[in-house]
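In the UniProt record's numbering, the protein residues as written are 1 to 196. Glycine residues also receive a C-beta, built at the ideal position from the N, C-alpha and C atoms. Below is one structure, written out as structure tokens, with a few remarks after it.
Here it is as structure tokens:
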């Protein structure tokens with residue numbers, strides 16, 4: 001009995017709430033990545049082995065998925081029933097930043113990434129439909145001599161954009177190791193931007 005429990009693989013839901021058409025497309029895209037161990041739930045969820053979740057999420061973002069839902073659900077790890085709204089908000093922001101960094105760090109050119117989410121004062125929760133003007137800054141520490149392709153930059157934008165309701169692309173800043181703003185279309189913008 002103990003051997004069976006120890007041999008069970010952990011799964012992580014990478015998306016929830018997908019319609020059946022997009023679920024099929026996403027499963028096909030995951031299979032093309034060489035991962036055949038995919039679980040589909042009746043609620044439109046798709047789960048993959050936990051040790052591959054961050055990489056799969058990033059690779060699918062580069063391909064433009066998801067089209068119909070947010071990337072991340074609210075995690076309640078560490079949030080107790082006696083936690084204040086402020087404590088919940090701070091912890092949810094920290095958890096979302098961590099999950100975004102882990103996914104971005106799976107790109108081979110990225111040595112490390114830093115994500116800062118700034119939520120408006122009037123927003124009670126990270127995942128909320130009434131939030132106004134959230135902002136996200138991503139600082140990439142690239143490996144020596146490495147550069148990101150425009151598809152990879154667009155994938156990071158898609159990953160971040162789909163992580164928060166109400167987030168607009170113009171409120172996302174992605175900076176490379178030299179502090180240059182990466183736009184995705186032509187990979188970098190001419191002017192240097194300081195990381196805030």
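Item	Value
N- and C-terminal bounds of the beta strand (DSSP E) containing residue 135	135-142
Cα-Cα separation, residue 134 to residue 165	9 Å
Neighbourhood of residue 131 by C-beta, 7 Å cutoff - its chain only, sequence neighbours within 5 removed	Note that residue 131 scores 45 on pLDDT, short of 50, meaning its location in the model is unreliable; the coordinates nonetheless yield the value given after this. If we look at residue 131 and ignore the five residues flanking it on each side, its Cβ neighbours are 119, 120, 123, 165, 166.
Through-space distance from residue 151 to residue 136, alpha-carbon basis	19 Å
Cβ-Cβ distance between residue 183 and residue 153 below 9 Å	yes
Residue 89 in three-state terms, based on DSSP	helix
Selection from 28, 41, 29 that minimises the alpha carbon distance to residue 18	41
Cutoff 7 Å; reference residue 58; Cβ partners in own chain excluding five residues on either side	103, 104, 106, 107, 155, 159
Cβ shell of residue 65 (< 7 Å), same chain only, five flanking positions each side left out	26, 29
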